[in-house]
Amino acid sequence: MKTYRIILVENDEDEQFFMREAFEASGRFEVLAQASNGDELVTWLREHPGQLPDLILSDLNMPGMNGMELLHALRADARYAALPVVITSTSSTQSIIDRALAAGASWYRVKPETFISYGPFAETLYQELQARLAVG
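Here the sequence shown is numbered in our numbering, starting from 114 and rising by one per residue.
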């Protein structure tokens with residue numbers, strides 16, 4: 114079973130905790146780092162050039178550099194342009210999803226309604242990652 118290295122970008126501390134717990138408990142992900150916004154993520158990436166993740170899971174709405182701004186920053190930098198980035202949000206509004214995808218999100222997922230639902234969320238994300246990487 115492949116284990117994917119992931120970085121979680123989320124500003125809500127409770128959500129950070131439950132996300133990390135679920136992703137680590139799945140045994141399918143190694144959480145390399147957590148950041149509370151895009152600024153922290155970009156700093157981490159620059160400070161750890163040899164530890165690129167297989168996937169970045171980023172909230173859309175955060176203080177500082179938000180998810181949309183983070184996508185623009187990553188896609189504009191050749192070192193990170195190809196990193197898969199999944200944008201998450203509580204919003205399922207199609208125009209928001211379309212904007213995130215147009216900005217370079219690899220895909221978009223609506224967050225679970227409760228923190229305890231991150232276990233199935235992590236499993237679904239793993240299965241989708243496996244399928245997408247197998248395709249190309």
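Ideal Cβ placement from N, Cα and C applies to all residues, glycine included.
Requested in this report: Could you give the DSSP three-state label for Arg81: helix, strand or coil?
Outcome: As shown, the chain starts at 114 and ends at 249. That puts residue 81 outside it, with no answer to give.
Query raised in the report: Short check: CB of Ala138 to CB of His161, under 9 Å?
Result: As a first step, residue 138 is located in the sequence shown; it is residue number 25 there, counting from the start. As a first step, residue 161 is located in the sequence shown; it is residue number 48 there, counting from the start. No, Cβ-Cβ distance for Ala138 and His161 is not below 9 Å.
Report task. Kindly indicate which residue of Ser149, Asp190, Gln164 has the alpha-carbon position closest to the one of Met178. Result -> By 1-based counting over the sequence shown, the position of residue 178 is 65. Looking at the Cα atoms, Ser149 is the closest of the given residues.
Requested in this report: To the nearest angstrom, report how far apart Gln129 and Phe234 are at their CA atoms.
Outcome: Sequence index remark: in the sequence shown, residue 129 carries index 16 (1-based). Sequence index remark: in the sequence shown, residue 234 carries index 121 (1-based). The straight-line gap from Cα to Cα measures roughly 14 Å.
Query raised in the report: Does the beta-carbon distance from Leu173 to Ile120 come in below 9 Å?
Result: The residue given as residue 173 occupies position 60 in the sequence shown. The residue given as residue 120 occupies position 7 in the sequence shown. Cβ atoms of Leu173 and Ile120: not closer than 9 Å.
Query raised in the report: Relative to the C-alpha of Glu182, which residue among Gly151, Phe131, Leu168 is closest?
Result: On the sequence shown, position 69 is the one that residue 182 refers to. Closest by alpha carbon: Gly151.
Query raised in the report: When the Cα of Tyr193 is compared with those of Ser171, Leu165, Thr201, which residue comes out closest?
Result: Position 80 of the sequence shown, counting from 1, holds the residue named residue 193. The shortest Cα separation from Tyr193 among Ser171, Leu165, Thr201 belongs to Leu165.
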